[in-house]
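*Asks:*
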Amino acid sequence: MTIARLSGRPPRRVKGTTTLNLIELQQSLRERVRSAAAARFGVELEQVPSEVPPRIELGDLAFPVAFEMAKRIKQATGEKRNPRAIAEELRAELESAEGVARVEVAGAGYLNLFYDRARLLAGLSQTAPADAPAGDDARPKRMVEHTSVNPNKAAHIGHLRNSVIGDTFVRILRATGERVEVHNYIDNTGVQVADVVVGFIHLEGMSLAGVRALDASLKEDYPFDYYCWDLYARVGLFYRGGDPDAKEDPERLKLRVETLHALEEGGNPTAELADYVATRVVHCQLDTMARLGIRYDLLPRESEVLHFLWSHAFERMKESGAIHFQTGGKNSGCWVMPMETHEGSDEFEADKVIVRSNGTITYTGKDIAYQLWKLGQVDLNFYFKPFRADADGRAVWTTTSDPAQAAGHAPHFGRGSTVYNVIDARQAYPQEVVKRGVAAVAPQVGENSSVHLSYGMVTLSPAAAEELGLELSAEEKTRPFVEMSGRRGLGVKADDFIDTLEANALREVRERHPDVPLEGQQRSAHSLAVGALRYFLMKWTRNSVIVFDFKEALSTKGEAGPYCQYAAVRANSIFRKLPDGEMETAQRLVAGVAAGESGEAAERVRRVFDGEVGGEIWALVTLAARLPEVLAQAASFAEPSHLAKYTFQLAQAFNFFYNRDENRILEESDAPRRAVLVYVTDFVRRQLTDALATLGIEVPERM
RNA sequence: GCACCCGUAGCUCAGUUGGAUAGAGCGUCUGACUACGAAUCAGAAGGUCGCACGUUCGAGUCGUGCCGGGUGCACCA
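For the first sequence, the positions run 37 to 739 when my numbering is used.
As structure tokens, this is what we get:
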């Protein structure tokens, strides 16, 4: 990964040249505007906003600063100044800057800057070295929790949205130089696990040995997590006495409560069976995520939060006064956290119960405890042991209550500075409670250290639901979408869907490349399937609800991952055919022009960027150069879809460039022009490849 | 009742912390392949940015009020 970092120390300069870096250039121009505003007009600008003009003809960078200044001058002196006149005065100041060819005042008072294109080309495409490798423990650590699927069934497409958002966000943070720790929380003692355990024990009459035997007998096309998926749905039906529309039978629900209690208690046969089931399902889910290149550092388990962490966190909550014991009223006998900001009423209680009157802990309570640990606010550490190794050999760790199992060489987990929880938008309120709880217990870390990375759910179009064999009620048919439901067994299983994508992609690849060995075809098909799926889940802003439709999700045309991959593949294929040494020649030429060399060659390089076609090429270069800025923005807004949109735009711009007859590289006979085209294409494919990699998408060799 | 999210082209969605002529994809129509790879490209049609006030030099973006849709407000997770 070679991505310039935006914050911290400035990017290095290449020795012996005066190559300009785009970010440095913008900084220095901003400084010029600021000092000129102060010197000529006595206006102190705290920040100098800049923007990219809507069209390349309007320039490379614009400062809409004259409007604000006119207002300030009027406020200070009462004198009315025309924004255009102000802009005119600032213009000369900017025009003399190195790397700026000219400045125009446009519209009502925009300052539009045109860069010296040929001169800047080398600097734009110069990417700073990647940041210090992880292991630098001094840097603050970002904690990202995602996936966290209940370990009682196979993951579906809705879970994938969570994982892909989380994983992409992790990649974005790392690309901007952040230190990141990734958690996948395992709720191994919750209701959902209890329900499948009820299924195994009471519907199937199995003991742990029986479950093991069953597991061993299952075939590849119907693995353990699929079995649990169906069993879980059967248990849901069982609670309702066999009628999906009936109410749950309180007598049958007693089995759930008993089981849940046994799981929380631990150290009994039911808990052992549950542990086997949950662990096996986690392995399956990890396999699914690994297909998409998603991995984790740590799998913290609820059983350890409960048995190990809770008592410490509970003490801190009590000491700090964040919670108190209720002796009367509706919540009598409970430990509650007051939520003053929330209006209470007869119907809705304002206070949030943390510990129930029967002594058990609510989900919110556990979450506050866990969150406090992640932020290093509980004076206790878990024991850790390796869970398994990833395909690349790196260990994924998990927690354990058993000191005998603890590894002596575990990494230093926890003690993060900021925690990002990827959780769906419906849990906004409980997340708010957790955030408040953490801040109440540990005011020094405050509310800002907890970020709820919320996202809308993935629902099914009625057509998709019917394709899955669901009979829709009349009411459901009128709705724009149908919610997925594990309880009803309704959902698009992640592995099934990836299989379909791979099969489709393989068919296309085989058609185009019948000579390539099957293994190579499958590799490409896999990359394309991952590209299609990850892009599909990433192209929406987090807020929007995705209505899943098979046709749309399977499409590889238009705004889709394969479109972006295709642009990179085409660029790469040019370089496969390019004579040896031509890339190096191009680099020398561009570097020479950047260093201020004059002469006929430099002049011809300059001319490449003239005119309409030249303007288009330049627009492509500046768009490609914007990747670091986009990454920084995606990171600070916590909105990975910005990167997806940018990647698509870059691919689109490249295709536009590529399709122009004037830009056919291998047929270009003018040597300097050809060199510039080679140089630009190489830069764009590198940026495109980096952008895709940050989205978790590889560029296949062929497609 | 209270809180949060959403309303932009026929459909699905972007819109860079208030900026220039509101953009994509899909769909529709018209064109371009003995290919630096057509999973592509060029072009056309398509919008009172839910409505009304307000703030501002400037509003899809900010404020207020309506209208319409979604979600949440458990001793469930």
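For every residue, glycine included, the Cβ atom is placed at its ideal position computed from N, Cα and C.
(1) Secondary structure at Ala425, three-state DSSP: helix, strand or coil?
(2) Taking the alpha carbon of Arg430 as the point to measure from, which residue in Val372, Thr592, Pro280 and Ala326 has its own alpha carbon closest?
(3) What is the rounded straight-line gap between the Cα of Asn457 and the Cα of Val218?
(4) Report the residue from His319, Lys402, Pro336 and Leu239 whose alpha carbon sits nearest the alpha carbon of Ala349.
(5) Any contact of the segment 337 to 345 with the segment 259 to 279, i.e. 3+ C-beta pairs under 8 Å?
(6) Counting along the chain, where does the beta strand (DSSP E) carrying Asp460 start and finish?
(7) If we count the other Cβ atoms within 10 Å of its Cβ and call it buried at 16 or more, is Asp261 buried or exposed?
(8) When DSSP labels each residue in this structure, what does Asn118 get in the three-state scheme?
(9) Quick one: give me the first and last residue of the beta strand (DSSP E) that Thr495 is part of.
(10) Work out the CA separation of Val229 and Glu294 for me, nearest whole Å.
(11) Can you tell me where the alpha helix (DSSP H) with Lys255 in it begins and where it stops?
(12) Could you tell me if Asn579 is buried or exposed, where buried requires 16 or more neighbouring beta carbons within 10 angstroms of its beta carbon?
(13) On the criterion of 16 or more Cβ atoms from any shown chain inside 10 Å, does Phe673 qualify as buried, or is it exposed?
(14) How many angstroms separate the CA atom of Val317 from the CA atom of Leu299?
(15) Pull up the distance between the alpha-carbon of Thr38 and that of Thr730, whole angstroms please.
(16) Give the DSSP-derived three-state secondary structure of Arg524 in the structure shown.
(17) Give the list of continuous alpha helix (DSSP H) stretches no shorter than 4 residues that lie fully inside the segment 265 to 312.
(18) At the level of alpha carbons, what is the spacing between Val391 and Pro479?
(19) Within 10 angstroms of its Cβ, does Pro361 collect 16 or more other Cβ (buried), or is it exposed?
(20) Over the uninterrupted beta strand (DSSP E) stretch that includes Val216, give me the two end residues.
(21) Taking all protein chains shown into account, do 16 or more other C-beta atoms lie within 10 angstroms of the C-beta of Val735, making it buried, or fewer, making it exposed?
(22) Quick check: the Cα distance between Ala211 and Gln601, rounded to an integer number of angstroms?
(23) Compute the Euclidean distance between the alpha carbons of Glu383 and Ser393, then round it to the nearest angstrom.
(24) Do you know whose CA, among Val88, Phe274 and Gly226, lies nearest Thr398's CA?
(25) Counting only runs that start and end within the segment 96 to 157, where is the beta strand (DSSP E) found for 3 or more residues in a row?
(26) Using the rule of at least 16 other Cβ atoms within 10 Å of the residue's Cβ for burial, across every protein chain shown, is Glu115 buried or exposed?
(27) Residues in the same chain with beta-carbon distance under 8 Å from Leu659, minus the five sequence neighbours each way, listed in chain order, please.
(28) Given this structure, state the Cα-to-Cα distance separating Val432 from Asn417, to the nearest angstrom.
(29) Closer than 8 Å by C-beta to Arg424: which residues in its own chain qualify, once you throw out the five before and the five after it? Chain order, please.
(30) Pull up the DSSP beta-bridge partners for Ser490, would you.
(31) Whole angstroms is fine: what's the gap from Glu214's alpha carbon to Asp223's?
(32) Ile397 by DSSP, collapsed to three states: which one?
(33) Could you name the residues of the same chain whose beta carbon sits closer than 6 Å to that of Thr725, not counting the 5 residues immediately before and after it, in chain order?
(34) Using CA coordinates, which residue listed in Ala106, Leu65, Leu58 and Pro85 is at the minimum distance from Phe77?
(35) Would Arg640 and Arg709 qualify as a contact pair, given that the criterion is a beta-carbon distance under 9 Å?
(36) According to DSSP, is His562 part of a helix, a strand, or is it coil?
*Replies:* To lay it out plainly:
(1) As a working mapping, residue 425 is identified with position 389 in the first sequence. Three-state DSSP puts Ala425 in a strand.
(2) In the first sequence, counting from the first residue as 1, residue 430 sits at position 394. Measuring from the Cα of Arg430, the nearest candidate turns out to be Ala326.
(3) Along the first sequence, one-based indexing puts residue 457 at 421. Along the first sequence, one-based indexing puts residue 218 at 182. Going from the Cα of Asn457 to the Cα of Val218 covers about 10 Å.
(4) In the first sequence, counting from the first residue as 1, residue 349 sits at position 313. Measuring from the Cα of Ala349, the nearest candidate turns out to be Lys402.
(5) no
(6) One-based indexing of the first sequence puts residue 460 at position 424. Taken as a continuous stretch (DSSP letters only), the beta strand (DSSP E) holding Asp460 covers Thr454 to Asp460.
(7) Here residue 261 is taken as the residue at index 225 of the first sequence, counted from 1. Answer is buried; the Cβ neighbour count reaches 16.
(8) For this step, residue 118 is matched to residue 82 along the first sequence. The answer is coil: DSSP assigns Asn118 none of H, G, I, E or B.
(9) Taking the first residue of the first sequence as position 1, residue 495 is located at position 459. Here the beta strand (DSSP E) through Thr495 covers Val494 to Leu496.
(10) Reading the first sequence from its first residue, position 258 is the one you call residue 294. Reading the first sequence from its first residue, position 193 is the one you call residue 229. Taking the straight line joining both Cα atoms gives about 13 Å.
(11) Reading the first sequence from its first residue, position 219 is the one you call residue 255. Element bounds for Lys255: n/a, residue is neither H nor E.
(12) One-based indexing of the first sequence puts residue 579 at position 543. Label assigned to Asn579: exposed.
(13) Translated into the one-based positions of the first sequence, residue 673 becomes position 637. Phe673 is exposed by the Cβ-count criterion.
(14) For the purposes of this step, residue 317 is identified with residue 281 of the first sequence, where counting begins at 1. For the purposes of this step, residue 299 is identified with residue 263 of the first sequence, where counting begins at 1. Those two C-alpha atoms are separated by around 16 Å.
(15) Within the first sequence, residue 38 is the residue found at index 2, counting from 1. Within the first sequence, residue 730 is the residue found at index 694, counting from 1. Confidence at Thr38 is low in this model, with a pLDDT of 31, below 50, so the placement of that residue is unreliable and no value is reported for it.
(16) Indexing the first sequence from 1 puts residue 524 at position 488. Note: Arg524 maps to coil in three-state DSSP.
(17) 286 to 301
(18) Locating residue 391 in the first sequence gives position 355, where the first residue counts as 1. Locating residue 479 in the first sequence gives position 443, where the first residue counts as 1. Computed Cα separation, rounded: 22 Å.
(19) Your numbering for residue 361 matches position 325 in the first sequence. According to the sequence as given, residue 361 is Phe; it is not Pro. So Phe361 ends up on the exposed side.
(20) Residue 216 sits at position 180 when you count from the first residue of the first sequence. Unbroken beta strand (DSSP E) run through Val216: Arg215 to His219.
(21) Start at 1 with the first residue of the first sequence, and residue 735 comes out as number 699. Per the 10 Å Cβ criterion, buried.
(22) Mapped onto the first sequence, residue 211 falls at position 175. Mapped onto the first sequence, residue 601 falls at position 565. The alpha-carbon atoms of Ala211 and Gln601 are separated by roughly 20 Å.
(23) Mapped onto the first sequence, residue 383 falls at position 347. Mapped onto the first sequence, residue 393 falls at position 357. The predicted position of Glu383 is uncertain, since its pLDDT is 49 and thus under 50; no value can be drawn from it.
(24) By 1-based counting over the first sequence, the position of residue 398 is 362. Among Val88, Phe274 and Gly226, the Cα nearest to that of Thr398 is on Gly226.
(25) 97 to 99, 136 to 142 and 146 to 151
(26) Position 79 of the first sequence, counted from the first residue, corresponds to residue 115. Its Cβ having fewer than 16 others within 10 Å, Glu115 is exposed.
(27) To locate residue 659, count along the first sequence from 1; it is residue 623. Result list for Leu659: Gln685, Leu686 and Ala689, in chain order.
(28) If you number the first sequence from 1, residue 432 lands on position 396. If you number the first sequence from 1, residue 417 lands on position 381. Answer to the nearest angstrom: the Cα atoms are 17 Å apart.
(29) By 1-based counting over the first sequence, the position of residue 424 is 388. Counting only Cβ-Cβ distances below 8 Å, and skipping sequence neighbours, we find His319, Leu322, Ala431 and Val432.
(30) Translated into positions along the first sequence, residue 490 becomes position 454. Ile459.
(31) Position 178 of the first sequence holds residue 214. Position 187 of the first sequence holds residue 223. Going from the Cα of Glu214 to the Cα of Asp223 covers about 28 Å.
(32) Here residue 397 refers to the residue found at position 361 when the first sequence is read from its first residue. Strand.
(33) As a working note, residue 725 is residue 689 in the first sequence. Contacts found: Ala604 and Val735.
(34) Position 41 of the first sequence, counted from the first residue, corresponds to residue 77. Ranking the options by Cα distance to Phe77, first place goes to Ala106.
(35) In the first sequence, residue 640 corresponds to position 604, counting from 1. In the first sequence, residue 709 corresponds to position 673, counting from 1. Going by C-beta atoms, Arg640 is nearer than 9 Å to Arg709.
(36) Reading the first sequence from its first residue, position 526 is the one you call residue 562. Three-state result, His562: helix.
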